Amino acid sequence: MKRREFICVLGSIASGFWPRRRTIIVAMAAMVLLPIEVSGAAWLSDLFKSSSKQDKSPRQGKPPKHVTSPKPATLARRAASPKRQTAKLAALGPVRLNPAALKPVAARCDPSKFRIVLDVGHTAESEGAISARNVAEFDFNLRLAKRIEEKLKAEGFAETRLLLTEGKARHSLVKRVAAANNLRADLFLSIHHDSVPNKFLEDWEFEGRKSHFSDRFSGYSVFVSRNNPDFKTSLSFAELIGKEMKAQGLDYARQYSQAIMGRYQHPLLNKETGVYSYDKLIVLRKTRMAAALLEAGSIINRDEELKMSSPERRDIISSGVTAAVKEFCEPRWGILGPL
Numbered sequence: 006m007k008r009r010e011f012i013c014v015l016g017s018i019a020s021g022f023w024p025r026r027r028t029i030i031v032a033m034a035a036m037v038l039l040p041i042e043v044s045g046a047a048w049l050s051d052l053f054k055s056s057s058k059q060d061k062s063p064r065q066g067k068p069p070k071h072v073t074s075p076k077p078a079t080l081a082r083r084a085a086s087p088k089r090q091t092a093k094l095a096a097l098g099p100v101r102l103n104p105a106a107l108k109p110v111a112a113r114c115d116p117s118k119f120r121i122v123l124d125v126g127h128t129a130e131s132e133g134a135i136s137a138r139n140v141a142e143f144d145f146n147l148r149l150a151k152r153i154e155e156k157l158k159a160e161g162f163a164e165t166r167l168l169l170t171e172g173k174a175r176h177s178l179v180k181r182v183a184a185a186n187n188l189r190a191d192l193f194l195s196i197h198h199d200s201v202p203n204k205f206l207e208d209w210e211f212e213g214r215k216s217h218f219s220d221r222f223s224g225y226s227v228f229v230s231r232n233n234p235d236f237k238t239s240l241s242f243a244e245l246i247g248k249e250m251k252a253q254g255l256d257y258a259r260q261y262s263q264a265i266m267g268r269y270q271h272p273l274l275n276k277e278t279g280v281y282s283y284d285k286l287i288v289l290r291k292t293r294m295a296a297a298l299l300e301a302g303s304i305i306n307r308d309e310e311l312k313m314s315s316p317e318r319r320d321i322i323s324s325g326v327t328a329a330v331k332e333f334c335e336p337r338w339g340i341l342g343p344l
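Numbers 6 to 344, taken from my numbering, label the letters of the sequence shown in order.
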């Protein structure tokens, strides 16, 4: 049923009411059913005016006056007048819209086109930290990054890219930043596993080989750089990761905000989710997209190393990262869950 027909029906229903009230009912229905800005919307004002004249005539015993049709010049002026585009009711006052309602709706994220680069921390030539059981951090990073890639692609993020570079430490950092920028990624996530400053290390032997450990600290941590060109978005993404890690039952490493860490001390940006700033880190400040670094857990802690080596822990972390990416891409998912 068209809107004007519906209004006519309401008018018929209201026929038993006093004429003035009948007009108000029809006008209020028109306000609800018609858009605020329509061509010729001033007919509502005319409705009040004409109704008022019709109501008064019978009560005063006077015959209705002859109504002449508007002249062509008058019609032309009305069509040209921009004020006729906004309905204003003399009885109810001007209709105002919430400015927020006028803002364009943000484009929906398409997971199939959304590109996240998973940077495998370190290289085969520059392996990073060595675990309590003499396993290179690079091996931990690669296994976890591959599992995250699998999870993201299974959830429809087909453009996920695994970033592997070669060479020594600093040279490889420059290469991975250039590669990520050339890929025009929407997000950059660097995967790492944690250790401790040398002053906290203790000696022990594992399978007949000398090694080092520190059971003093454990937990994940997330880092962002305030020098990243899109720091606010980076921080939002990092907080989503931290929130999901926490939801998976994991605790974050708290030592980075402590003075005992010396030059490895970093400001804690969110004490609930374990997000820190690491402003000078090349992969976070030189990438041209939102970027975060995840230290998935401590491999120098003997108990946590065993957990980080297990497929179960990799599944927990990769599920958390995938949930964070999905919520970043489509915030509605974080509220309602997958549809």
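From the three backbone atoms N, C-alpha and C, an ideal C-beta is built for every residue, glycine too. On a predicted model such as this, the values are computed, not experimentally measured, just so you know.
Limits of the unbroken beta strand (DSSP E) element including residue i
{"i": "serine 345", "result": "Look at the range of the chain in this structure, 6 to 344, and you will see that residue 345 is not part of it."}
{"i": "valine 280", "result": "280-282"}
{"i": "arginine 166", "result": "166-168"}
Cβ-Cβ distance between residue i and residue j below 8 Å
{"i": "isoleucine 121", "j": "alanine 190", "result": "yes"}
{"i": "leucine 123", "j": "arginine 166", "result": "yes"}
{"i": "alanine 174", "j": "serine 131", "result": "yes"}
{"i": "glutamate 154", "j": "lysine 118", "result": "no"}
{"i": "glycine 224", "j": "leucine 255", "result": "yes"}
{"i": "alanine 159", "j": "threonine 170", "result": "no"}
{"i": "leucine 274", "j": "tyrosine 283", "result": "no"}
{"i": "serine 226", "j": "tyrosine 269", "result": "no"}
{"i": "phenylalanine 333", "j": "leucine 188", "result": "no"}
{"i": "tyrosine 281", "j": "phenylalanine 228", "result": "yes"}
Cα-Cα separation between residue i and residue j, rounded to whole angstroms
{"i": "serine 230", "j": "alanine 134", "result": "22 Å"}
{"i": "proline 69", "j": "arginine 113", "result": "Unreliable positioning characterises proline 69 in this predicted model, as indicated by a pLDDT of 46, which lies under 50. The coordinate reading is nonetheless provided below. Those two C-alpha atoms are separated by around 58 Å."}
{"i": "histidine 217", "j": "aspartate 199", "result": "14 Å"}
{"i": "threonine 292", "j": "glutamate 309", "result": "31 Å"}
{"i": "alanine 361", "j": "aspartate 208", "result": "The chain is shown only over 6 to 344; residue 361 falls outside these bounds and no answer can be derived."}
{"i": "serine 323", "j": "lysine 156", "result": "7 Å"}
{"i": "glycine 279", "j": "asparagine 306", "result": "18 Å"}
{"i": "arginine 181", "j": "leucine 147", "result": "15 Å"}
{"i": "alanine 328", "j": "glutamate 249", "result": "7 Å"}
{"i": "glutamine 260", "j": "lysine 251", "result": "17 Å"}
{"i": "arginine 3", "j": "methionine 313", "result": "An answer regarding residue 3 cannot be provided, because it is not within the stretch 6 to 344 covered by the chain."}
{"i": "asparagine 232", "j": "lysine 285", "result": "8 Å"}
Reference residue i; option with closest CA among the options
{"i": "asparagine 139", "options": "Lys215, Ser262 and Gln263", "result": "Lys215"}
{"i": "isoleucine 196", "options": "Gly279, Leu149, Asp235 and Thr327", "result": "Leu149"}
{"i": "alanine 295", "options": "Lys237, His271, Leu188 and Glu207", "result": "Lys237"}
{"i": "proline 202", "options": "Val330, Met266, Asp235 and Glu249", "result": "Met266"}
{"i": "alanine 141", "options": "Ile304, Asn275 and Lys331", "result": "Ile304"}
{"i": "glutamate 317", "options": "Gln253, Leu273 and Leu299", "result": "Gln253"}
{"i": "aspartate 220", "options": "Glu332, Ser315 and Ser136", "result": "Ser136"}
{"i": "glutamate 300", "options": "Asp115, Pro116, Phe145 and Thr128", "result": "Phe145"}
{"i": "histidine 127", "options": "Gly161, Leu178 and Asp115", "result": "Leu178"}
Residue i, DSSP secondary structure in three states
{"i": "valine 122", "result": "strand"}
{"i": "glycine 302", "result": "strand"}
{"i": "tyrosine 261", "result": "helix"}
{"i": "phenylalanine 211", "result": "strand"}
{"i": "phenylalanine 242", "result": "helix"}
{"i": "histidine 197", "result": "strand"}
{"i": "phenylalanine 228", "result": "strand"}
{"i": "leucine 188", "result": "coil"}
{"i": "alanine 134", "result": "coil"}
{"i": "alanine 328", "result": "helix"}
{"i": "alanine 183", "result": "helix"}
{"i": "alanine 252", "result": "helix"}
{"i": "alanine 129", "result": "coil"}
Boundaries (first-last residue) of the alpha helix (DSSP H) holding residue i
{"i": "leucine 157", "result": "142-159"}
{"i": "leucine 206", "result": "Per DSSP, leucine 206 belongs to no alpha helix (DSSP H) and is neither H nor E."}
{"i": "leucine 273", "result": "Careful: leucine 273 lies outside any alpha helix (DSSP H), inside the beta strand (DSSP E) at 273-275."}
{"i": "glutamate 309", "result": "307-313"}
{"i": "leucine 352", "result": "The requested residue 352 does not occur in the structure, where the chain is confined to residues 6 to 344."}
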